[in-house]
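Asker: Per the numbering used here: the sequence shown = residues 63 to 198. All C-beta atoms in this analysis are idealised placements derived from N, C-alpha and C, irrespective of residue type, glycine included.
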Amino acid sequence: MRLGDSEELRAEINITPLVDVVLVLLVIFMVVTPLLKQEVPIELPLAENSHETKDLSQLTLTLVTDGGVLLNGQPMLRDALTTRLRTIYADRSDKTLFLEADRNLPYGQVVEVMDDCRAAGVVTIGVITKRERSGL
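#1: Should the stretch 118–132 be regarded as contacting the stretch 152–163, the criterion being three or more beta carbon pairs within less than 8 Å?
#2: Are A181 and T144 close, meaning C-beta to C-beta below 8 Å?
#3: Tell me the DSSP secondary structure of R154 in three-state form.
#4: Going by the beta-carbon positions, is the gap between T127 and D164 smaller than 8 Å?
#5: Give the single residue among V175, R148, Q171 whose Cα lies nearest to the Cα of G183.
#6: DSSP state of R165, grouped into three classes?
#7: Given this structure, state the Cα-to-Cα distance separating L198 from N166, to the nearest angstrom.
#8: To the nearest angstrom, how far is it from the Cα of E70 to the Cα of L98?
#9: Within the stretch 70–98, note down every full alpha helix (DSSP H) run reaching 4 residues or more, in order along the chain.
#10: Determine the closest residue to T124 out of V175, V86, T78, V185, with distance taken between C-alpha atoms.
#11: Within the continuous beta strand (DSSP E) that includes L121, where are the two ends?
#12: Can you find the residues in the same chain that come closer than 8 Å, C-beta to C-beta, to R154, ignoring five residues on each side of it along the sequence?
#13: Per DSSP, what are the beta-bridge partners of T186 in this structure?
So, in structure tokens, the structure goes:
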């Protein structure tokens, strides 16, 4: 409030507290947003000569250490995997699947899942790995 020569009251909005609140909310959203994406922790095998893919339309099958199966991040029963993949790949011309398996899983279990995928009509299975850091 200012009292000028005219002895008239003028109300002005102080925007400093408003800016403070907006900045605090911005920081909160920046910190919380990465936590919203809930993924299953998985340790991928390491490979020196792995390549990145740019095609995001492909399906990703994830095998978790506890025996769980996720198809594009959605949990599903292992018994229903073959029929679900058959349904998906029935009308697709590109029969490629990316397999993301925890490196602590037994090799036989990974091969069984790959065999189920082949039985469902998957022609190409790409194995997702994590690139080793070289020079450290």
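Answerer: By the coordinates alone:
#1: Yes: the two stretches touch, three or more of their Cβ pairs being nearer than 8 Å.
#2: Yes; because the gap between Cβ atoms is below 8 Å, this pair is in contact.
#3: Under the three-state reduction of DSSP output, R154 falls in the coil class, being neither helix nor strand.
#4: Yes. Within cutoff.
#5: Proximity to G183 across V175, R148, Q171 peaks at R148, based on C-alpha coordinates.
#6: Looking at R165 - three-state DSSP - the assignment turns out to be coil, as it is neither helix nor strand.
#7: Low per-residue confidence applies at L198: pLDDT is 49, beneath 50, and the placement is therefore not dependable enough to give any value.
#8: Approximately 52 Å, taken between the alpha carbons.
#9: Runs of the alpha helix (DSSP H) inside the stretch 70–98: 78–98.
#10: Of the candidates V175, V86, T78, V185, the one whose C-alpha sits nearest the C-alpha of T124 is V175.
#11: Counting along the chain, the beta strand (DSSP E) containing L121 begins and ends at 121–125.
#12: The beta carbon of R154 sits closer than 8 Å to no other beta carbon from its chain once the five residues preceding and following it are set aside.
#13: For T186, the beta-bridge partners assigned by DSSP are T158.
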